[in-house]
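9 is the number of the first residue of the sequence shown in our numbering; add one for each residue after it. I have placed the structure first, in the form of structure tokens, so that the comments after it can refer back to it.
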Amino acid sequence: MATPTFDQLLEAGCHFGHLKRKWNPAMAPYIFMERNGIHIIDLYKTAAKIEEAANALKQIAKSGKKVLFVATKKQAKEAIADKAASVNMPYVIERWPGGMLTNFPTIRKAVKKMTQIDKMTKDGTFDNLSKREKLQITRQRAKLEKNLGSIADLSKLPAALFVVDVMKEHIAVAEANRLGIPVFAIVDTNSNPDNIDFVIPANDDASKSIDVILGAVCAAMAEGLEERKVEKTDAPEEKEEGAEAPAAGKRRRVVRRNEAEAPAAEAPAVEAPAAE
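The following block contains the structure:
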């Protein structure tokens, strides 16, 4: 896992914060200085926080759990879609559906509706509908795909959220906080880091800045997934070896039980003539 260097972060413009008058005092520990009315972020702290977040995300991926990436701002949409898809993680780049986490069963019903429409298309039911019904269902399917297609594989609540711009995605952050889901986020100087579990202080408006940070954390997650795959490949052999002992023991117990029962079964046959 390679953490971006100071020069790489500098070149990507990760150090540019917002205007001094728009700052959030809670971000003071991450601000290096102020120049021309703009706050400059301490990139050494940014690099350290990226490494910390990447290590945590790697362990989540290694455990087989899902991380939901959230970024609905224009600068981050493409980067989120590409990087999240590369590690097979769900993402939201359109409008955040309110209650997506706190009312997750309803969201799952909408995703299942999309699956039902696909099934209708395959089994021929769709062809028997009227032209108007076909048009309505097609539009409904397109809308569901746009808003929920990227989370179709999310069968249960994610283990964590990764957010770009916590001010814009404040509803997603609030829902995660309410459910106790850890939040990883790129936090700019105008945002409040208090509700974020893993703060990455950096410019959340520049596409290059977002891309370099996402590249680092997703590379770490890819490593975690690879390690999980290797462990799963080795696991069956160990399970098979361990499974033989109980099976043999079980057979032995059956033999003993049969042996113990045999004399008891023969006894009535011997005593029968004496009774007569």
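The beta carbon of each residue, even a glycine, is placed where N, CA and C say it ideally should be. Quick caveat, the model's predicted, so the values are computed rather than measured.
### Query
Which same chain residues, not among the five before or five after A20, have their C-beta less than 6 Å away from its C-beta?
K216, S217 and V220
### Query
Among P105, N198, K120 and G107, which one has its Cα closest to the Cα of D161?
K120
#### Entry: Residues sharing a beta bridge with P209, DSSP
V195
### Task
Go ahead and pull the three-state DSSP assignment for L137.
coil
### Query
What did DSSP end up calling E177 once you bin it into helix, strand or coil?
coil
### Message
Using a Cβ distance threshold of 8 Å, determine whether the stretch 191 to 211 contacts the stretch 20 to 29, with at least three qualifying pairs required.
### Response
yes
### Query
Between V207 and the rest of its own chain, which residues show a CB-CB distance below 8 Å, the 5 nearest in sequence each way excluded?
Y38, K57, A193, V195 and P201
### Task
Closer than 7 Å by C-beta to K154: which residues in its own chain qualify, once you throw out the five before and the five after it? Chain order, please.
E102
### Query
With which residues is P42 paired in a DSSP beta bridge?
For the sequence presented, residue 42 should be read as Glu rather than Pro. DSSP lists H47 as partners of E42.
### Message
For a quick check, are the C-beta atoms of K66 and E177 less than 8 Å apart?
### Response
no
### Query
If you draw a straight line from the alpha carbon of I115 to that of M108, how long is it in whole angstroms?
6 Å
### Query
Looking only at its own chain, which residues have a Cβ that is under 6 Å from the Cβ of N136, when we skip the five neighbours before and after it?
none
#### Entry: Burial state of T11, where buried means 16 or more other Cβ atoms lie within 10 Å
buried
### Message
The beta strand (DSSP E) that contains L27, what's its start and end?
### Response
F24 to L27
### Query
Exposed or buried, which one is H26 when buried takes at least 16 other CB atoms within 10 Å?
buried
### Message
Assuming L169 and L76 are in contact, meaning their beta carbons sit under 8 Å apart, how far apart are those beta carbons, in whole angstroms?
### Response
5 Å
#### Entry: Per DSSP, the bridge partner or partners of F112
In DSSP, F112 forms no bridge with anything.
### Query
So the alpha helix (DSSP H) A20 belongs to, where does it begin and stop?
Neither: A20 is in no alpha helix (DSSP H) and is coded neither H nor E.
### Message
So that I know if they touch, is there some Cβ in chain B lying closer than 8 Å to that of R140?
### Response
In summary, chain B is missing from the structure at hand, where a single protein chain is found.
### Task
Write down the C-beta distance between V174 and S199 rounded to the nearest angstrom, noting that I regard them as a contact closer than 8 Å.
5 Å
### Query
Can you name the start and end residues of the beta strand (DSSP E) that A160 belongs to?
First-last for A160: undefined, no H or E at that position.
### Query
Using the C-alpha atoms, what's the distance from I179 back to N6?
Residue numbering for the chain in the displayed model covers 9 to 284; residue 6 lies beyond these limits and cannot be assessed.
### Task
Pick helix, strand or coil for L169, following the three-state DSSP scheme.
strand
### Message
For M122, count the other beta carbons within 10 Å of its own beta carbon; 16 or more makes it buried, fewer makes it exposed. Which is it?
### Response
buried
### Three-state secondary structure assigned by DSSP to V100
strand
### Query
Cβ atoms of A87 and L233: under 8 Å apart, would you say?
no
### Query
Does the separation of the CB atoms of A92 and K85 fall below 8 Å?
no
### Task
Under 8 Å by Cβ, that's how I've got M35 and T197 pegged, so tell me the actual separation to the nearest angstrom.
5 Å
### Query
Does the separation of the CB atoms of P166 and P98 fall below 8 Å?
yes
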